[in-house]
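From first to last, the protein sequence lines stand for chains A and B.
The working numbering applies: residue 1043 is where the first sequence begins, and numbers increase by one.
The working numbering applies: residue 1043 is where the second sequence begins, and numbers increase by one.
Structure, as structure tokens:
Protein chains: 2
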Amino acid sequence: MYIALSRLRVAPARVDELISAFRARAGLVEGHDGFIGLEVWRSEREEGELLMVSRWQTRECFSAYMKSADHRASHARIEPGLANSVRLERLEHLSTYEVVAT
Amino acid sequence: MYIALSRLRVAPARVDELISAFRARAGLVEGHDGFIGLEVWRSEREEGELLMVSRWQTRECFSAYMKSADHRASHARIEPGLANSVRLERLEHLSTYEVVAT
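Shown next, in the form of structure tokens:
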């Protein structure tokens, strides 16, 4: 199983808005080949830090989704003020992992 | 759901040994109240980096396990050379999260 993890930071005052946006997401990723699940984790210590964790059967499935029109559309849906806030506070480079033990 | 995430770094030459140790773990955590699951993720880009991700029903369940004799025992089982290697390369501070969206 393949994991894609993104660390997002927003102004603490906007974190609830960002969580609401995730909860109201269109679910475009759901139909993509090899998609297993998506979770959003809120940091207990770092105010305004969220981790977005998606699971895929293989790296190739994830890469195919990242190049898809659905991926672009999912970003385009985000309210511009909120999207800019995330961008300003920083969207760190994506980290990717293979699940090697359970 | 509550997530505890630890980032471990070892010399790249020892990463397979560390993964094997996780695969052969005694499973002492399994019986603890509120434990949901444990995964070990191997970084695709950073050689020698692993994330250990455990899931709990609540923060209190995780805290109780961290204070338990089973937690101490699970660490004591690790071969000393390997344990020191992880310590030298760095065990970063634990980060904890609440799952807020799926």
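The C-beta atom is built at its ideal place from N, Cα and C for all residues, glycine as well.
Given the structure is predicted, the values throughout are model-derived calculations rather than measurements.
Please identify the residue among the options whose C-alpha is closest to the C-alpha of residue i.
| i | options | result |
| --- | --- | --- |
| Ala1143 of chain B | A:Trp1098, A:Trp1083 and A:Ala1046 | A:Trp1083 |
| Arg1101 of chain B | B:Gly1123, B:Phe1077, B:Glu1121 and B:Ile1120 | B:Phe1077 |
| Arg1119 of chain A | A:Asp1058, A:Glu1059 and A:Ala1063 | A:Ala1063 |
| Leu1093 of chain A | A:Ile1061, A:Asn1126 and A:Ser1127 | A:Ile1061 |
Do residue i and the ligand SAH come close, with the Cβ less than 6 Å from some heavy atom?
| i | result |
| --- | --- |
| Thr1138 of chain A | The ligand SAH is not among the ligands present in this structure, which contains no ligands whatsoever. |
Any idea which residues DSSP pairs residue i with across the strands?
| i | result |
| --- | --- |
| Val1095 of chain B | B:Leu1047 and B:Glu1081 |
| Leu1133 of chain B | B:Leu1050 |
| Ala1125 of chain A | Note: Ala1125 of chain A sits in no beta bridge, so no partner. |
| Val1141 of chain A | B:Trp1083 |
Within its chain, find whatever has a CB closer than 6 Å to the CB of residue i; leave out the 5 residues flanking it on each side and keep chain order.
| i | result |
| --- | --- |
| Ser1085 of chain A | Glu1091 |
| Ser1096 of chain A | Ala1046 and Leu1080 |
| Asp1112 of chain B | Leu1070 |
| Val1128 of chain B | Leu1050 and Val1052 |
| Ser1137 of chain B | Leu1047 |
| Val1141 of chain B | Met1043 |
Are residue i and residue j closer than 7 Å when you measure CB to CB?
| i | j | result |
| --- | --- | --- |
| Glu1134 of chain A | Arg1049 of chain A | yes |
| Glu1131 of chain B | Arg1051 of chain B | yes |
| Tyr1044 of chain A | Trp1098 of chain A | yes |
| Glu1088 of chain A | Pro1054 of chain A | no |
| Leu1124 of chain A | Glu1072 of chain A | no |
Counting only the same chain and skipping the five closest in sequence on each side, list residues whose C-beta sits under 8 Å from that of residue i.
| i | result |
| --- | --- |
| Pro1122 of chain A | none |
| Cys1103 of chain B | Tyr1044, His1074, Asp1075, Gly1076 and Phe1077 |
| Met1108 of chain A | none |
| Ser1110 of chain A | His1074 |
| Arg1065 of chain B | none |
Measuring only between beta-carbons, confirm whether residue i sits less than 7 Å from chain E.
| i | result |
| --- | --- |
| Arg1067 of chain A | Among the protein chains in the structure shown, which are A and B, there is no chain E. |
Which residues in the same chain have their Cβ closer than 7 Å to the Cβ of residue i, if we skip the five residues on either side of it in sequence?
| i | result |
| --- | --- |
| Ala1115 of chain B | Leu1070 |
### Task
Note down, in chain order, all residues in the segment 1047-1070 of chain A with a beta-carbon under 7 Å from any beta-carbon belonging to chain B.
Close to chain B, meaning a Cβ-Cβ distance shorter than 7 Å, are the following residues of the segment 1047-1070 of chain A: Ile1061, Phe1064 and Arg1065.
### Query
According to a CB-to-CB cut-off of less than 9 Å, which residues of the segment 1071-1085 of chain B neighbour chain A?
If you check each beta-carbon in the segment 1071-1085 of chain B against every beta-carbon of chain A, the ones closer than 9 Å belong to Gly1079, Leu1080, Glu1081, Val1082, Trp1083, Arg1084 and Ser1085.
### Query
Any residues in the segment 1121-1144 of chain A with a beta carbon nearer than 7 Å to a beta carbon of chain B? Which ones, in chain order?
Using a CB distance below 7 Å, the part of the segment 1121-1144 of chain A facing chain B consists of Ser1137, Thr1138, Tyr1139, Glu1140, Val1141, Val1142, Ala1143 and Thr1144, ordered along the chain.
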